[in-house]
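Enquirer: First, the structure itself, so that you have it in front of you.
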Amino acid sequence: MSMEKILWEQVQLVRQKSPLVHNITNYVVMNNTANALLAAGASPIMAHAKSEIQEMIGISHSVIINIGTLDEYWSESMILAAKTAHSTGKPWVLDPVGAGATSFRDQVLNQLLPYQPTVIRGNASEIIALAKANTTATKGVDSTAQSNEAVDAARSLVTRYGTIVCISGETDIIIDHQQEIFIKNGHPLMTKVTGLGCSATALIGAFIGIAEDKVMAVAAAMVLIGIAGELAAEESKGPASLQVNLIDQLYTITEQEFFNRLKIERK
1 MSMEKILWEQ VQLVRQKSPL VHNITNYVVM NNTANALLAA GASPIMAHAK
51 SEIQEMIGIS HSVIINIGTL DEYWSESMIL AAKTAHSTGK PWVLDPVGAG
101 ATSFRDQVLN QLLPYQPTVI RGNASEIIAL AKANTTATKG VDSTAQSNEA
151 VDAARSLVTR YGTIVCISGE TDIIIDHQQE IFIKNGHPLM TKVTGLGCSA
201 TALIGAFIGI AEDKVMAVAA AMVLIGIAGE LAAEESKGPA SLQVNLIDQL
251 YTITEQEFFN RLKIERK
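So the sequence shown is residues 1 to 267, counted in UniProt numbering.
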């Protein structure tokens with residue numbers, strides 16, 4: 001089967017199986033993230049209370065840990081969730097929002113990483129900071145580096161933690177032990193809407209929750225949101241309408257639209 005068909009099969013699988021995704025994510029993007037998951041066919045749940053973390057993970061297909069609006073209580077919930085996911089073999093995704101910006105964020109990330117996230121998704125600056133590859137600064141949650149500048153840092157994380165790394169940027173780069181995948185879907189207007197990276201992370205969680213081939217699942221999620229963004233941009237006046245139209249496109253995207261716009265390369 002061609003890679004294109006494998007990717008579309010992953011999209012269909014999420015629609016058919018509606019995986020339950022447990023999100024411990026930042027409260028800036030909760031609504032957007034939940035709606036993106038629903039539109040793609042998944043079932044979101046947002047829960048960060050320590051008392052229910054273990055039970056919630058037990059019934060979920062995957063776990064998202066997004067440190068965007070980090071605080072002392074949430075950090076404890078995140079560490080418990082990562083530990084539980086790791087010990088039970090549940091796939092989980094780490095979104096290291098603002099890695100390198102403060103010592104508190106880096107401290108929490110250093111506590112999370114030993115639990116070997118299935119996938120790490122971040123922008124180039126975050127991936128570089130996470131790997132401590134150099135002193136490139138983050139600017140809040142925005143990247144000050146291009147995705148290709150973070151490839152060595154990503155490879156370091158793959159080797160150290162056995163994870164899949166997805167570097168978001170103008171070109172999305174997915175790296176594991178065996179391959180590197182380059183995706184050039186998306187639209188510049190997407191950078192003007194808060195939380196679309198977080199939505200991509202959540203979609204990755206949905207896809208890896210039910211897929212055997214985790215790398216192809218990550219690629220399918222990134223292609224899906226990239227193409228949805230392209231389609232949405234063509235009918236949007238600006239960032240506000242893009243946000244609404246993108247959710248619609250995640251819901252209505254067809255196989256033909258997917259194949260016609262797919263821009264992917266594997267090395």
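Here a beta-carbon is modelled for each residue, glycine too, at the ideal position from N, C-alpha and C.
By Cβ distance, which residues of its chain are closer than 7 Å to Thr-138, with the 5 residues on each side in sequence left out?
Expert: Here residue 138 is taken as the residue at index 138 of the sequence shown, counted from 1. Low local confidence applies: a pLDDT of 48 at Thr-138 is under 50, so the model's placement there is unreliable, with the coordinate-based value given in what follows. So the list reads Gly-98, Ala-99, Gly-100, Ala-101, Ser-125, Glu-126, Ala-129 and Thr-144, once near-sequence residues are dropped.
Enquirer: Given a cut-off of 9 Å, decide if Ser-62 and Gly-162 are closer than it, judged by their beta-carbon atoms.
Expert: On the sequence shown, residue 162 is found 162 positions in, with the first residue counted as 1. On the sequence shown, residue 62 is found 62 positions in, with the first residue counted as 1. Their beta carbons are not under 9 Å apart, which means Gly-162 does not touch Ser-62 by this criterion.
Enquirer: Since Arg-121 sits in a beta bridge, which residues does DSSP pair it with?
Expert: Looking up residue 121 in the sequence shown gives position 121. Looking at the DSSP assignment, Arg-121 forms a beta bridge with Cys-166.
Enquirer: Note the first and the last residue of the continuous alpha helix (DSSP H) segment covering His-22.
Expert: Position 22 of the sequence shown holds residue 22. That residue, His-22, is in no alpha helix (DSSP H); its beta strand (DSSP E) goes 20 to 24.
Enquirer: Starting from the Cα of Leu-196, find the closest Cα among Asn-35, Glu-52 and Val-21 and give me that residue.
Expert: Along the sequence shown, read from residue 1 onward, the residue named residue 196 stands at position 196. It is Asn-35.
Enquirer: What is the rounded straight-line gap between the Cα of Glu-255 and the Cα of Ile-183?
Expert: Numbered from its first residue, the sequence shown carries residue 255 at position 255. Numbered from its first residue, the sequence shown carries residue 183 at position 183. Each residue's Cα considered, the two are about 18 Å apart.
Enquirer: Who are the near neighbours of Pro-239 in its chain, counting only those whose CB is closer than 6 Å to its CB and skipping five residues on each side?
Expert: What you label residue 239 is simply residue 239 of the sequence shown in a count that begins at 1. Lys-192 and Val-193, listed in sequence order.
Enquirer: Thinking just about the alpha-carbon of each residue, which of Glu-265, Phe-259, Glu-230 and Arg-266 is nearest to the one in Glu-9?
Expert: Here residue 9 corresponds to residue number 9 of the sequence shown, with the count starting at 1. Among Glu-265, Phe-259, Glu-230 and Arg-266, the Cα nearest to that of Glu-9 is on Phe-259.
Enquirer: Under DSSP, the alpha helix (DSSP H) around Val-63 begins and ends at which residues?
Expert: Mapped onto the sequence shown, residue 63 falls at position 63. Element bounds for Val-63: not the alpha helix (DSSP H) but the beta strand (DSSP E), 62 to 66.
Enquirer: For the beta strand (DSSP E) that Pro-44 lies in, which residues bound it at each end?
Expert: Translated into positions along the sequence shown, residue 44 becomes position 44. Pro-44 -> beta strand (DSSP E) spans 43 to 46.
Enquirer: Specify the secondary structure class of Ile-210 as computed by DSSP and reduced to three states.
Expert: For this step, residue 210 is matched to residue 210 along the sequence shown. Three-state result, Ile-210: coil.
Enquirer: Who does Arg-266 pair with in a DSSP beta bridge?
Expert: Taking the sequence shown and counting its residues from 1, the one referred to as residue 266 is at position 266. According to DSSP, which records beta bridges pairwise, Arg-266 is partnered with Ile-181.
Enquirer: Cutting at 7 Å between CB atoms, please list the residues of its own chain near Met-216, excluding the five before and the five after it.
Expert: For this step, residue 216 is matched to residue 216 along the sequence shown. Hits under 7 Å: Ile-6, Leu-7 and Gln-10.
Enquirer: Does the Cβ of His-177 have 16 or more other Cβ atoms within 10 Å, making it buried, or fewer, making it exposed?
Expert: The sequence position of residue 177 within the sequence shown is 177, counting from 1. Classification of His-177: exposed, given that the 10 Å Cβ count is below 16.
Enquirer: For Asn-185, count the other beta carbons within 10 Å of its own beta carbon; 16 or more makes it buried, fewer makes it exposed. Which is it?
Expert: On the sequence shown, position 185 is the one that residue 185 refers to. Buried: at least 16 other Cβ atoms inside 10 Å.
Enquirer: Under 8 Å by Cβ, that's how I've got residue 292 and Val-108 pegged, so tell me the actual separation to the nearest angstrom.
Expert: The question about residue 292 has no answer here: the residues shown for the chain are numbered 1 through 267.
Enquirer: Using only the alpha-carbon positions, how far apart do Val-21 and Ala-49 sit?
Expert: Within the sequence shown, the letter at position 21 stands for residue 21. Within the sequence shown, the letter at position 49 stands for residue 49. Distance between the alpha carbons of Val-21 and Ala-49 is about 16 Å.
Enquirer: For Met-30, which residues from the same chain have a beta carbon less than 6 Å from its beta carbon, with the 5 sequence-adjacent residues on both sides left out?
Expert: Your numbering for residue 30 matches position 30 in the sequence shown. Around Met-30: Met-46.
Enquirer: Does Asp-176 come out as helix, strand or coil in the three-state DSSP assignment?
Expert: Here the question's residue 176 lines up with position 176 in the sequence shown. DSSP places Asp-176 in coil when its eight states are reduced to three.
Enquirer: Near Asp-142, what residues of its chain come up, given a Cβ to Cβ distance below 7 Å and the 5 sequence neighbours on each side ignored?
Expert: Here residue 142 refers to the residue found at position 142 of the sequence shown. Here the model assigns Asp-142 a pLDDT of 49, short of 50, so the residue's position is not dependable and the matter cannot be decided.
Enquirer: For the beta strand (DSSP E) that Val-93 lies in, which residues bound it at each end?
Expert: Here the question's residue 93 lines up with position 93 in the sequence shown. Val-93: member of the beta strand (DSSP E) spanning 92 to 95, first to last residue.
Enquirer: For Asn-123 and Glu-149, I'd like the C-alpha separation in whole angstroms.
Expert: Counting from one through the sequence shown, the residue named residue 123 turns up at place 123. Counting from one through the sequence shown, the residue named residue 149 turns up at place 149. When rounded, the distance between both Cα atoms is 10 Å.
Enquirer: Measuring only the C-alpha atoms, how far is Thr-201 from Val-93?
Expert: On the sequence shown, position 201 is the one that residue 201 refers to. On the sequence shown, position 93 is the one that residue 93 refers to. Near 7 Å, if we compare the C-alpha coordinates of Val-93 and Thr-201.
Enquirer: In this structure, does DSSP put Ala-49 in helix, strand or coil?
Expert: For the purposes of this step, residue 49 is identified with residue 49 of the sequence shown, where counting begins at 1. Reduced to three states, the DSSP call for Ala-49 is coil.
Enquirer: Of all the options Leu-246, Leu-113, Asp-213 and Ile-173, which has the alpha carbon lying nearest to the alpha carbon of Ile-225?
Expert: As a working mapping, residue 225 is identified with position 225 in the sequence shown. Nearest to Ile-225 by C-alpha distance, out of Leu-246, Leu-113, Asp-213 and Ile-173, is Leu-246.
Enquirer: Where do the ends of the alpha helix (DSSP H) carrying Asp-248 lie?
Expert: Residue numbering aside, residue 248 sits at position 248 when the sequence shown is read from its first letter. Note, Asp-248: alpha helix (DSSP H), 239 to 252.
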